[in-house]
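Protein chains: 2
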Amino acid sequence: MTLEVDPTGSVTSALGFVAGAVYAGIKTYGDGKLDVAILASDRPAAVAATFTKTRLHSASVDVNRAKLGTRGRGQAVVVNAGCANSSTGQRGLDDARTVTEWTARKLGVAADDVFICSTGVIGHFLPMEKFEAGVNAVEPTPLGGLDFARAIMTTDTRPKHGAVRFGPYTLGGAAKGSGMIHPNMATMLAFLGTDAPVQPAYLQRCLSDAVEKSFNLVSVDGDTSPSDTALLFANGAAGGEEIREGTPYAIEFAAAVEALCVHLAKEMARDGEGATRLLEATVTGAATTADARELVRLLTTSYLLKSAVHGADPNWGRVVAVIGRSSAAYDEDAVTVSICGIRVFEHSRPTEFPLETLAEAMKGTDIAIEVSLGTGPGHATGWGCDLTAEYVHINADYHT
Amino acid sequence: MTLEVDPTGSVTSALGFVAGAVYAGIKTYGDGKLDVAILASDRPAAVAATFTKTRLHSASVDVNRAKLGTRGRGQAVVVNAGCANSSTGQRGLDDARTVTEWTARKLGVAADDVFICSTGVIGHFLPMEKFEAGVNAVEPTPLGGLDFARAIMTTDTRPKHGAVRFGPYTLGGAAKGSGMIHPNMATMLAFLGTDAPVQPAYLQRCLSDAVEKSFNLVSVDGDTSPSDTALLFANGAAGGEEIREGTPYAIEFAAAVEALCVHLAKEMARDGEGATRLLEATVTGAATTADARELVRLLTTSYLLKSAVHGADPNWGRVVAVIGRSSAAYDEDAVTVSICGIRVFEHSRPTEFPLETLAEAMKGTDIAIEVSLGTGPGHATGWGCDLTAEYVHINADYHT
Chain A
283 MTLEVDPTGS VTSALGFVAG AVYAGIKTYG DGKLDVAILA SDRPAAVAAT
333 FTKTRLHSAS VDVNRAKLGT RGRGQAVVVN AGCANSSTGQ RGLDDARTVT
383 EWTARKLGVA ADDVFICSTG VIGHFLPMEK FEAGVNAVEP TPLGGLDFAR
433 AIMTTDTRPK HGAVRFGPYT LGGAAKGSGM IHPNMATMLA FLGTDAPVQP
483 AYLQRCLSDA VEKSFNLVSV DGDTSPSDTA LLFANGAAGG EEIREGTPYA
533 IEFAAAVEAL CVHLAKEMAR DGEGATRLLE ATVTGAATTA DARELVRLLT
583 TSYLLKSAVH GADPNWGRVV AVIGRSSAAY DEDAVTVSIC GIRVFEHSRP
633 TEFPLETLAE AMKGTDIAIE VSLGTGPGHA TGWGCDLTAE YVHINADYHT
Chain B
283 MTLEVDPTGS VTSALGFVAG AVYAGIKTYG DGKLDVAILA SDRPAAVAAT
333 FTKTRLHSAS VDVNRAKLGT RGRGQAVVVN AGCANSSTGQ RGLDDARTVT
383 EWTARKLGVA ADDVFICSTG VIGHFLPMEK FEAGVNAVEP TPLGGLDFAR
433 AIMTTDTRPK HGAVRFGPYT LGGAAKGSGM IHPNMATMLA FLGTDAPVQP
483 AYLQRCLSDA VEKSFNLVSV DGDTSPSDTA LLFANGAAGG EEIREGTPYA
533 IEFAAAVEAL CVHLAKEMAR DGEGATRLLE ATVTGAATTA DARELVRLLT
583 TSYLLKSAVH GADPNWGRVV AVIGRSSAAY DEDAVTVSIC GIRVFEHSRP
633 TEFPLETLAE AMKGTDIAIE VSLGTGPGHA TGWGCDLTAE YVHINADYHT
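Protein chains in written order, with this note's numbering: chain A, 283 to 682; chain B, 283 to 682.
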């Protein structure tokens, strides 16, 4: 089941969610607009979360993990851009808890039900005075979803948001991410809210599955960040029976989460630092899903393939070389490679493909690379972007 | 034991080796000078080799593997630049064998004793007519070592060569490599020759060990190529007793091979496509050598760290983030990071390092990054280069 995403939707599209943002002076680079944001449900909600797998994680991530525990409940999240609160030790943990307490007081909810996400420079402490003033100034409303999406940006050039309808319910979301890691200024964050009532265990399963198929298959530069977090709230504001495995709307809900996560993930890849083209890599015929995902990640992170995509060069050799160095099983004679729908390699040899036609197709903004390994049913699709001189400028010219 | 490398030495510095090169018209890009080269010993020699680990390997690599088998003997190698003879099927294998037969006839040696290395565009057949004329035109001499080093270049901007003395013996060598892979135009090749008499098994062990510590720890872009090959000839022309485990000069010989391979590896990193700076990453205190090597490879291939080195930015956060996403064991509080000899991170926090001084030091051509993990005796050093806009231009603007 594939559901359509409304790209104009937002994290407050579902019933019972409010959001708002202000500029508190924490983010001193970029457009300088909006850096403290709050998303809240009008009632306690089921909550699912996934966190960064890297061992260097921010104090805010540690605090969220502790708050969520196995409760699967929560009501709000406060987000700041400009300071990741990472490599900040015990003081960082204390600061993060304090901010959630201010937010809880402001909203009139339990402090345990408020999460915190921080993105930006690492190794710096949160500017607590500015932060407190910011939290107190935010006025969350049902129309604040787009401000929320703007406030969480760091090197992003545009906000990323959308919403999906399934049955009588709505799922809305916002995300940020431009370099997959950019430990001084960025990270990947995603926030989703639905007005469907969902069992916490099923909520977590749907989010985990969707994250594997979306954010975990996006790469701008192959790095991961200390703050990566996806949070999904289900507040049940639209009523009805609790959704869990096997109930009505269970399949629709899972499809909605996946569709929205994929939409937000593609928006991140498209807005990759310096990017001019989206690279969509699809692997089929793999022995296992794990093989397919590994190869997708290698394809979307290859310097040479990303450079070729930037140059609109139908360089099948770079695709074949990545297959060769992967650990994915393949049947040499059965391997096929297509670029923008045109078969360029099969039977261990390049085809007589129309070079001019293909080079012209590669001048578009969406470049599809499809590989079939001819060994099994494993498949995966992932997203990256081209490697540009602008990427180097962004990341070389920034100074610590 | 560390031996000094004479950077003016060459693959014909040892007794009994001759080399030569001509332009046969196979390489149609780059400076257009010299593309067919021959290196020969005046007598049969012990031979050791290491080949690419990627599963996409060129026909020339397959032919060499078959020729070498377990014999450990050989006498000459013919090299062409401009065409990798990869993804060329049975015809590629036949062509490679034919070229070694021409070369054997020209030199008056056994065809089984002649190897072939090919570097350049993949998916194209060797231009056999030009190649035959080239082989017949080469006139190998003891002074041909530098021409040999030039002829094997593809996107390299300068030839890579050197020699080491150990006791009464000499070891000379040449290498090429600019993108670690660049499957359309490049690869990494290294050729070494010594006049010491060396037992084939010990020769192979010394080469394998040295390759692990040198070429296998160089990365320009994290990719590997279908043609990567290192060949080491030991012809015994300087006389004396056969060197093997435990004999006089055994340790010196191993040190000489390692020193020359490290020299050539660093020359490759320094000449990485678009590079302006050498990045030398050293990891100590690792639980195992494998952990240390993994982390070295991740450091030298990180887009963000390579960009920071280009921008002379002492971005400790990018180093710490790479440690976090590696699988190497570490003791969080004991981890230290130094850049250009200045400690920038310890006890889980950035130090109060002198930003201006360090930023100035990072404007040099050799940037040392040292990480200690505080868990064990494992250590490794590897080399890479900065990521530049020029790298993107080179790899985006080339057209298939």
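Glycine is no exception: its CB is placed at the ideal position from the N, C-alpha and C atoms.
Note down, in chain order, each residue of its chain lying with its Cβ closer than 8 angstroms to the Cβ of residue i, except the 5 sequence neighbours on either side.
i: residue 285 of chain A; result: 446, 447, 448, 534, 537, 538 and 541
i: residue 405 of chain B; result: 368, 369 and 370
i: residue 293 of chain B; result: 299, 301, 321, 427, 430, 431, 443, 454, 455, 456, 473, 474 and 475
i: residue 407 of chain B; result: 365, 367, 370, 373, 374 and 377
CB-CB under 6 angstroms to residue i, same chain, minus the five flanking residues each way: which ones, in chain order?
i: residue 466 of chain B; result: Annotation note: pLDDT 44 at residue 466 of chain B (below 50); position unreliable, no value reported.
i: residue 556 of chain B; result: 670, 672, 673 and 676
i: residue 738 of chain B; result: As shown, chain B starts at 283 and ends at 682. That puts residue 738 of chain B outside it, with no answer to give.
i: residue 333 of chain A; result: 343 and 511
i: residue 525 of chain A; result: 478, 480, 531, 532 and 535
i: residue 643 of chain A; result: 622
i: residue 662 of chain A; result: 565, 574, 575 and 578
i: residue 515 of chain A; result: 323, 327, 329 and 475
i: residue 496 of chain A; result: 543, 544 and 547
i: residue 242 of chain A; result: Missing from the structure shown is residue 242 of chain A; chain A here goes from 283 to 682 and no further.
Do you know whose CA, among the options, lies nearest residue i's CA?
i: residue 470 of chain B; options: B:361, B:345 and B:296; result: B:361
i: residue 436 of chain A; options: A:364, A:663 and A:384; result: A:364
i: residue 289 of chain A; options: A:641, A:574 and A:442; result: A:442
i: residue 616 of chain A; options: A:605, A:622 and A:623; result: A:605
i: residue 439 of chain A; options: A:550, A:486, A:386 and A:586; result: A:550
i: residue 637 of chain B; options: B:596, B:513, B:588 and B:387; result: B:596
i: residue 573 of chain B; options: B:659, B:630, B:451 and B:635; result: B:659
i: residue 335 of chain A; options: A:588, A:528 and A:494; result: A:494
i: residue 632 of chain B; options: B:609, B:408, B:598 and B:425; result: B:598
i: residue 665 of chain B; options: B:389, B:376, B:460 and B:407; result: B:460
i: residue 627 of chain B; options: B:589, B:483, B:654 and B:315; result: B:654
i: residue 679 of chain B; options: A:338, A:587, A:499 and A:667; result: A:587
i: residue 612 of chain B; options: B:389, B:570 and B:583; result: B:570
i: residue 527 of chain A; options: A:452, A:423 and A:483; result: A:483
i: residue 558 of chain A; options: A:589, A:509, A:388 and A:407; result: A:589
i: residue 422 of chain A; options: A:544, A:401, A:400 and A:390; result: A:390
i: residue 485 of chain B; options: B:509, B:513 and B:499; result: B:513
i: residue 607 of chain B; options: B:359, B:584, B:629 and B:639; result: B:584
Which whole-angstrom value is the C-beta distance of residue i and residue j, which I expect to be below 8 angstroms?
i: residue 602 of chain A; j: residue 591 of chain A; result: About 15 angstroms; that fails the 8 angstroms criterion.
i: residue 548 of chain B; j: residue 561 of chain B; result: Wrong, their Cβ atoms sit about 11 angstroms apart, outside the cutoff.
i: residue 546 of chain A; j: residue 650 of chain A; result: Not quite, the Cβ-Cβ distance comes to about 19 angstroms (not below 8 angstroms), so this is no contact.
i: residue 354 of chain A; j: residue 328 of chain A; result: 6 angstroms
i: residue 396 of chain B; j: residue 304 of chain B; result: So it is not a contact: roughly 17 angstroms between Cβ atoms.
Which same chain residues, not among the five before or five after residue i, have their C-beta less than 7 angstroms away from its C-beta?
i: residue 384 of chain A; result: 414 and 417
i: residue 298 of chain B; result: 323, 324, 325, 477, 517 and 519
i: residue 379 of chain B; result: 345
i: residue 307 of chain A; result: 412
i: residue 275 of chain A; result: Residue 275 of chain A lies beyond the residue range present for chain A, which begins at 283 and ends at 682; the question has no answer from this structure.
i: residue 582 of chain A; result: 501, 561, 563, 664, 665 and 666
i: residue 291 of chain B; result: 443, 444, 445 and 454
Whose Cβ in chain E lies nearer than 8 angstroms to the Cβ of residue i?
i: residue 620 of chain B; result: This model lacks chain E altogether, as its protein chains are A and B.
- Task: Determine contact between the region 345-355 of chain B and the region 299-319 of chain B, defined as no fewer than three beta-carbon pairs at a distance below 8 angstroms.
- Result: Between the region 345-355 of chain B and the region 299-319 of chain B there are fewer than three inter-stretch CB-CB distances shorter than 8 angstroms, so the stretches are not counted as touching.
- What residues in the region 352-377 of chain A bring their beta carbon closer than 7 angstroms to a beta carbon of chain B? Per Cβ criterion, the list reads 369 and 371.
- Task: Would you list, in chain order, the members of the region 628-650 of chain B that have their beta-carbon closer than 7 angstroms to a beta-carbon of chain A?
- Result: Within the region 628-650 of chain B, 630, 631 and 632 place their CB atoms closer than 7 angstroms to a CB of chain A, listed in sequence order.
- Taking Cβ-Cβ distances below 7 angstroms as the criterion, which residues of the region 667-679 of chain B are in contact with chain A? Along the region 667-679 of chain B, the positions whose C-beta sits under 7 angstroms from a C-beta of chain A are 669, 670, 671, 674, 675, 677, 678 and 679, read in chain order.
- Message: Counting only Cβ-Cβ distances shorter than 7 angstroms, please list the residues of the region 391-413 of chain A near chain B, keeping chain order.
- Response: Hits within the stretch, in order: 404 and 405.
- Message: So if I threshold CB-CB distances at 9 angstroms, which residues from the region 565-586 of chain B count as touching chain A?
- Response: Cβ contacts with chain A come from 583, 584, 585 and 586.
- Report the residues of the region 424-439 of chain A with a CB closer than 9 angstroms to any CB of chain B, ordered along the chain. Per Cβ criterion, the list is empty.
- Of the residues that make up the region 594-605 of chain B, which ones have a beta carbon closer than 8 angstroms to any beta carbon in chain A? Within the region 594-605 of chain B, the qualifying residues are 595, 596, 597, 598, 599, 600, 602, 603, 604 and 605.
- Give, in chain order, every residue of the region 321-347 of chain A whose Cβ lies closer than 7 angstroms to some Cβ of chain B. Within the region 321-347 of chain A, the qualifying residues are 336, 337 and 338.
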